[in-house]
Each structure stands twice: as structure tokens, then as C-alpha cells.
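Peer 1: Just so we're aligned, residue 1 is where the sequence shown starts under the UniProt record's numbering, counting upward by one.
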Amino acid sequence: MAFSLRQLQYFVAVAENGSVSSAAQTLSISQSTVTEALRQLELDLGFQLLERHARGVDLTLKGHHFLRHARKILSDVADARRALTGTEATALTGRLSVGVTPLVAGYIYSDLMARFRRAFPGVAVEAVEDAADYLEHLLVGGELDVAVMVLPPGRRSAALQTEAVEVSPYRVWLPLGHPALAEERVSLTNLSGEPHVLLTIDEIAEASEIVWRRLGIRPPVAFRTRSVEAVRSLVATGAGVAVLPDLTYRPWSLEGDKIEARTLIDDVPAVEVATAWRRGSPLSPAAAGFVSVAATRHGGRGR
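#1: Using a threshold of 8 Å, state whether the C-beta atoms of Arg-278 and Ala-119 are closer than that.
#2: In whole angstroms, what is the alpha-carbon distance linking Thr-85 and Ala-270?
#3: Counting only runs that start and end within the stretch 13 to 95, where is the beta strand (DSSP E) found for 3 or more residues in a row?
#4: Beta carbon of Ala-242, beta carbon of His-196: below 8 Å?
#5: What residue does the alpha helix (DSSP H) around Ala-131 start on, and which one ends it?
#6: Should Tyr-134 be labelled buried (16 or more other beta-carbon atoms within 10 Å of its own) or exposed?
#7: Since Ala-261 and Val-172 are thought to touch, with beta carbons under 8 Å apart, how far apart are those beta carbons, to the nearest angstrom?
#8: Which same chain residues, not among the five before or five after Ser-284, have their C-beta less than 8 Å away from its C-beta?
#9: Rounding to the nearest angstrom, what Cα-Cα distance links Val-211 and Leu-199 in this structure?
#10: Is it the case that the Cβ atoms of Val-104 and Leu-5 are separated by a distance below 8 Å?
#11: Tyr-109 by DSSP, collapsed to three states: which one?
#12: Which residues in the same chain as Leu-61 place their Cβ atom closer than 7 Å to its Cβ, once the five residues preceding and following it in sequence are excluded?
#13: Look up Gly-142 in the DSSP assignment and say whether it is helix, strand or coil.
#14: Please classify Ser-32 as buried or exposed, where buried requires at least 16 other C-beta atoms within 10 Å of its C-beta.
#15: Would you mind stating whether Val-12 and Leu-38 have Cβ atoms separated by less than 8 Å?
#16: For Arg-156, which of Pro-245, Glu-136, Pro-169 has the nearest alpha-carbon?
#17: What number of angstroms, rounded off, separates the C-alpha of Ala-147 from the C-alpha of Pro-282?
#18: Please classify Gln-7: is it buried, with 16 or more other beta-carbons within 10 angstroms of its beta-carbon, or exposed?
#19: In the structure shown, what three-state DSSP assignment does Arg-223 receive?
#20: Can you tell me whether Arg-232 is buried or exposed? The criterion is at least 16 other CB atoms within 10 Å of its CB, across all chains shown.
#21: Answer with buried or exposed for Glu-88, where buried requires no fewer than 16 other C-beta atoms within 10 angstroms of its C-beta.
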């Protein structure tokens with residue numbers, strides 16, 4: 001294989017933006033440059049990374065797997081450059097106790113920990129997964145230094161200080177060939193007769209049920225589960241549709257079946273992920289470092 005870092009950068013940009021044109025605009029280069037780089041990358045690898053269509057591109061199954069490796073390669077190279085130019089983070093030591101809610105544990109925590117360990121390799125981290133209410137109890141009681149949690153919609157605890165990590169809108173997941181895929185945006189009213197698969201962690205199911213009540217609909221529920229992978233497999237095989245935050249979306253089930261997602265017409269408040277700590281309590285250096293690393297993941301802002 002003879003692919004270059006530049007080809008990896010272009011591939012990641014296309015995967016994240018969903019189209020060659022959007023990636024080219026983000027990178028401030030021509031579309032033809034991106035297209036040729038991707039063509040050469042696929043030739044070097046010997047397999048197709050992207051499926052082209054009128055709306056842009058989708059990752060193939062191998063493309064989805066390769067994306068994870070491409071991001072790691074680029075991250076490792078960036079770390080090496082920082083180390084060689086003397087910009088490595090200061091050598092902090094100590095312990096850090098972190099709490100995470102289930103959705104964070106599955107889709108955000110590993111990335112945050114990889115970033116934190118690269119920046120502060122001398123800090124020992126202990127983590128626990130639980131519901132947001134219990135993590136708040138541990139934070140207030142001083143048993144946790146910081147938590148990364150899905151904030152309950154419309155509710156903010158006066159006992160906690162928070163800083164945003166990610167805001168993720170909801171989309172509807174549909175099996176390949178579903179009639180609703182003909183539309184760019186879908187209303188839950190038009191899916192009211194379809195069986196729904198509900199994810200019962202971090203109040204994800206409650207978000208759908210709130211919208212159902214507002215719309216005056218009551219779709220049949222095919223299955224309730226705490227497993228995102230179960231939702232993915234059930235949707236992919238046509239057992240139902242699901243409304244989930246975009247941070248959980250992957251276009252393939254574990255069995256290799258394809259899933260499509262569409263934007264919702266209906267107003268479903270986005271999922272907010274934030275770091276949280278006890279209000280009025282000073283952060284330890286390790287906790288402050290963790291909050292700082294988390295805030296740079298997607299440009300988080302204090303609130």
C-alpha cells in the first residue's frame with residue numbers, strides 16, 4: 001500500500017461531510033483534486049470505500065471500518081508532531097474519577113479517554129457507568145470528580161456546572177428499500193402505522209414518546225431495548241423503524257445489513273452531551289484537564 005496522509009485527510013473529510021463538494025469546500029481545494037485522491041486511495045487499497053449517489057456519498061462496509069483506522073493514523077501523526085515540537089502537555093499526575101451515562105459509554109467515552117491519555121499519560125483514571133440522576137448524586141457527594149452525561153431534555157440541575165461536548169440531532173433510521181427513503185425529510189406522522197424500536201437508555205425513548213403525544217399519534221412498539229446494536233439489527237432487517245441521535249448512527253448492522261437515516265420534519269430536541277461537576281467546587285488539575293480535552297472534541301462551550 002502506498003497511500004499518503006493527504007489522501008487519508010481527504011477521505012476523512014468526505015466521510016464527515018457526506019459529499020465530495022462539501023469536503024472540497026471545507027479543505028479549500030477543488031473537487032477534482034479530492035476525487036482523484038480518493039480514486040488513487042481506493043486503487044491502492046484494492047477495495048471501494050464510498051458509494052456515490054445523487055445526494056453525495058455513503059461509506060461502504062469496508063469504508064466504514066477503514067475510517068476508524070484513518071482517523072487513528074492522522075491522530076497519531078498529530079501527536080508525534082506535537083511531541084517533537086515540544087508542545088506536549090505538562091506531565092500531570094494523580095487520579096481522576098469519571099462517571100458516564102450509557103450512551104456516552106458506547107459512543108463518546110473511548111474517544112475522550114484516548115485524547116486525555118495522550119495529553120496526560122500520568123493520570124490514572126477510574127470510571128463508572130450509570131444513569132444521569134445517580135451520577136449527579138455521586139458528583140454532589142464528592143465521589144466523582146467529573147461526569148460526561150446526556151443532559152435530560154428541558155431540565156438542568158442547579159447543583160451542577162456543565163460544559164458542552166456534543167449536540168446531536170435526531171434522525172429516523174429506516175431499512176434499505178423503505179418507501180420513506182424517497183424523501184429527504186420525513187414526518188413521524190407518516191410513520192405512525194410503522195412498528196418502532198425504542199432505545200431505553202439516556203431518555204432516548206422518552207424523546208420519541210413526547211413527540212408522539214404532541215402529534216397525537218401512537219405507533220406500535222416492536223421492541224424496547226438498552227442495546228443500540230439491537231436497534232440497528234432490527235431496523236436493518238425490517239422489524240421496525242427507530243428515532244435516534246445522530247451520534248449513534250452507523251450505516252451497517254453487525255450482520256452487514258444496510259441502514260439509511262433521514263432528517264425529521266418534526267421538532268425533536270437534540271441530544272446534548274456535556275461534562276458536569278459539582279457547582280461551586282473547584283476542579284482538580286486532572287479534572288480541569290479532562291474538561292478542557294472534552295471541550296475541544298467538537299468545540300464545546302460553557303453554559
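We put the beta carbon where it would ideally sit given N, CA and C, even for glycine.
Here the structure is a predicted model, which means the values were calculated and not measured.
Peer 2: Looking at the atomic coordinates:
#1: Within the sequence shown, numbered from 1, the residue matching residue 278 stands at position 278. Within the sequence shown, numbered from 1, the residue matching residue 119 stands at position 119. Going by C-beta atoms, Arg-278 is not nearer than 8 Å to Ala-119.
#2: The sequence position of residue 85 within the sequence shown is 85, counting from 1. The sequence position of residue 270 within the sequence shown is 270, counting from 1. Confidence in Thr-85 is poor, its pLDDT being 48 and thus under 50, which makes the residue's placement unreliable; the coordinate value appears in the next sentence. Each residue's alpha carbon lies about 39 Å from the other.
#3: 50 to 53, 56 to 59
#4: Residue mapping note: residue 242 aligns to position 242 of the sequence shown, counting from 1. Residue mapping note: residue 196 aligns to position 196 of the sequence shown, counting from 1. Yes. Within cutoff.
#5: What you label residue 131 is simply residue 131 of the sequence shown in a count that begins at 1. Per DSSP, Ala-131 belongs to no alpha helix (DSSP H) and is neither H nor E.
#6: Translated into positions along the sequence shown, residue 134 becomes position 134. Exposure of Tyr-134 is indicated by the presence of fewer than 16 other C-beta atoms within 10 angstroms of its C-beta.
#7: Here residue 261 refers to the residue found at position 261 of the sequence shown. Here residue 172 refers to the residue found at position 172 of the sequence shown. Ala-261 to Val-172, Cβ: 7 Å. Contact.
#8: Residue mapping note: residue 284 aligns to position 284 of the sequence shown, counting from 1. Residues of the same chain with a CB within less than 8 Å of the CB of Ser-284, apart from the 5 flanking positions on each side, are Gly-94, Leu-96, Asp-145 in chain order.
#9: In the sequence shown, counting from the first residue as 1, residue 211 sits at position 211. In the sequence shown, counting from the first residue as 1, residue 199 sits at position 199. Here the C-alpha atom of Val-211 lies approximately 15 Å from the C-alpha atom of Leu-199.
#10: Counting from 1 along the sequence shown, the entry for residue 104 is found at position 104. Counting from 1 along the sequence shown, the entry for residue 5 is found at position 5. Cβ distance not < 8 Å, so Val-104 and Leu-5 don't count as in contact.
#11: On the sequence shown, position 109 is the one that residue 109 refers to. Tyr-109 falls in the helix class under three-state DSSP.
#12: By one-based count along the sequence shown, residue 61 stands at place 61. Annotation for Leu-61: Trp-252, Gly-256 place their beta carbon closer than 7 Å to its own, counting only its chain and skipping 5 residues before and after.
#13: The residue given as residue 142 occupies position 142 in the sequence shown. In this structure, Gly-142 counts as coil in the three-state DSSP scheme.
#14: As a position in the sequence shown, residue 32 is number 32, starting the count at 1. Ser-32 comes out exposed.
#15: If you number the sequence shown from 1, residue 12 lands on position 12. If you number the sequence shown from 1, residue 38 lands on position 38. Using a Cβ distance threshold of 8 Å, Val-12 and Leu-38 do not count as a contacting pair.
#16: Residue 156 sits at position 156 when you count from the first residue of the sequence shown. Of Pro-245, Glu-136, Pro-169, the residue nearest in Cα terms is Glu-136.
#17: Position 147 of the sequence shown, counted from the start, is the residue given in the question as residue 147. Position 282 of the sequence shown, counted from the start, is the residue given in the question as residue 282. Going by the C-alpha atoms only, they are around 14 Å apart.
#18: One-based indexing of the sequence shown puts residue 7 at position 7. It is buried - the Cβ of Gln-7 has at least 16 other Cβ atoms within 10 Å.
#19: Residue mapping note: residue 223 aligns to position 223 of the sequence shown, counting from 1. Checking the displayed sequence, the identity of residue 223 turns out to be Phe instead of Arg. Assigned with DSSP and collapsed to three states, Phe-223 falls in strand.
#20: Position 232 of the sequence shown, counted from the start, is the residue given in the question as residue 232. Buried.
#21: On the sequence shown, residue 88 is found 88 positions in, with the first residue counted as 1. Residue confidence is low: Glu-88 scores 46 on pLDDT, short of 50, so the model does not pin down where it sits. Its coordinate-derived value is still stated next. So Glu-88 ends up on the exposed side.
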